[in-house]
Amino acid sequence: HSSLEEVGQCPRKYALRHAQYPDLWDGPGYPDKVWEASIFGDAVHQGVETLLRALHSGGCTSVKDEQTVELLRGLGGYSAVASRATAGVLADLESNPRMAAHLDRLADRLNRRIPEMRSAMQTLVSRTSLEMGEPTQHEETGAGFLGGRRRIGLGSHPEVTLESEDDRFTGRVDLLTVKSDSADVVDYKTGKREDHHDVQVTLYGLLWFSDRVANPDSLPVGTLKIAYITGDESVVVPEDWEPVRQELLARITEADRALAESPPRAHPSDDCSFCSVRHMCDEFWNSEYGEPRVSPGRADVSVEVIKRNGPRSWVVRFESDPRRVLLRVVDEEDLIEVGQRLR
């Protein structure tokens, strides 16, 4: 879903971000400039995942269970989980050449926000109820797998990958709870509410309905929920998934068409100032600073004055070219000196 959103917003940005840059680094795509707010959100998200996995493995259905206190003590408490999650997110950025020089400062700022992370994690986890059942996707190996995937059994499963192979669409569900007659989907969000969140969690529901490996019995979707720090929001479950699927296929087709253009089209907007690849986008510079204001038949050049040639003429050299040309001035009194740079 995030890829479709990015292509829809600006195909050029997606293409530039996901191209390979072996001269810069060995990582995938163009190295992103990651903001503090994004790292904060990722750390909270990873912390919630760690806590849910621990609760599930410990047989706890919620933080209200008696054994939860001992389990949290074994993890070092919420603050320790937040600290480790933050360190993990920052460690992943060490190879990023755009971030390496900023990591110490970011670590200092984020460590001061550990209490804030702790509160966010505690709030999200405290509203979560888990159901015990079969092992989660990452715990199972061997029989029942198909290409590393398997049927998802009864119970709650944190961080489950669902896939609709026919539709070329994959998503990772934060929490999937499979019951005997349906499955509930929860998507955790650490930032403010945005309109596309409803679409995202609905597509997760479509994935569950369409995934013939994870859901071979075609269990329907029971509930769709977005868990914000400020509270939970329910999303209406479609009665018919086919219109949702057709809309998704149309978006995928449009994304394919947009990326097939050479180069992919840019969509200049107010968000360009925050784009990590704007410096490689000619459309950004044209939209930001306007087209060059040069009359037809003329050129905008910079030159350096080399020597005087006559009363009204000077020998000059282009700054970007070693060739020399003769510059004639209209007025003999024009103030021009050797070594001067003119535009």
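Start counting the sequence shown at 1; every next residue gets the next number (UniProt numbering).
Even glycine gets a Cβ: it sits at the ideal position worked out from N, Cα and C.
Hey, residue i and residue j are a contact pair by Cβ (cut 8 Å); roughly how many whole angstroms apart?
i	j	result
T161	R172	5 Å
L110	E36	7 Å
V185	L124	With a Cβ gap of about 15 Å, V185 and L124 do not count as contacting.
H1	Q200	5 Å
P243	T202	That pair is no contact at about 11 Å.
For the candidate residues the options, whose alpha-carbon lies nearest to that of residue i?
i	options	result
E159	G231, V199 and E49	E49
D195	E233, T123 and R109	E233
S156	H279, S62, L342 and D282	S62
V34	A100, C10, V303 and Q20	A100
S313	L93, R212, L326 and C272	L326
L219	A260, D187, I226 and L176	L176
A214	R193, A255, E165 and R17	E165
G8	I336, A266 and L342	A266
L248	R168, A260 and R193	R168
A85	R113, V69 and E70	R113
L106	L72, R150 and S38	S38
R53	F318, L75, A15 and D198	L75
How about residue i: is its Cβ closer than 6 Å to a heavy atom in the ligand FMN?
i	result
E36	Absence of the ligand FMN is noted for the structure shown, with no ligands found whatsoever.
Could you spell out where the alpha helix (DSSP H) holding residue i opens and where it closes?
i	result
W208	H196 to S210
I39	E36 to S57
S3	S2 to Q9
S79	Y78 to D92
N111	L103 to N111
T68	T68 to L75
Could you please give the first and the last residue of the uninterrupted beta strand (DSSP E) stretch that includes residue i?
i	result
E159	G155 to S164
E116	Element bounds for E116: not the beta strand (DSSP E) but the alpha helix (DSSP H), I114 to S126.
G171	F169 to V178
D187	A183 to K189
residue 354	Outside the shown range of the chain, which is 1 to 343, sits residue 354, and nothing can be said about it.
S234	G231 to V235
R328	R324 to R328
Please return the same chain residues whose Cβ sits closer than 8 Å to the Cβ of residue i, not counting the five positions on each side in sequence.
i	result
Q67	G58, G59 and C60
M121	V44, G47, V48, L51, Y78, V81 and A82
P115	S79
M132	H56, G59, T61, G155 and S156
W241	G205, L206, F209 and S210
Enumerate in chain order the residues of its own chain whose CB-to-CB distance from residue i is below 7 Å, with the five nearest sequence positions on each side excluded.
i	result
H127	The question names His, yet the displayed sequence has Arg at residue 127. Excluding residues within five positions, the ones whose Cβ falls inside 7 Å are A227 and D232.
D309	It should be pointed out that residue 309 corresponds to Asn in this sequence rather than to Asp. If we look at N309 and ignore the five residues flanking it on each side, its Cβ neighbours are V315 and L326.
L103	L90, L93 and E94
Note down, in chain order, each residue of its chain lying with its Cβ closer than 6 Å to the Cβ of residue i, except the 5 sequence neighbours on either side.
i	result
F145	In this predicted model, F145 has a pLDDT of only 43, less than 50, meaning its place in the structure is not dependable; the value taken from the coordinates is given anyway. The answer is none, since no qualifying residue turns up.
D42	V89
G29	R17 and H18
(request) At 4 residues or longer, and completely inside the region 260-290: list those alpha helix (DSSP H) runs for me, N to C. (result) 282-289
(request) Output the residue ranges of the beta strand (DSSP E) runs that lie fully inside the region 297-322 and measure 3 residues or longer, sorted by chain position. (result) 303-310 and 313-318
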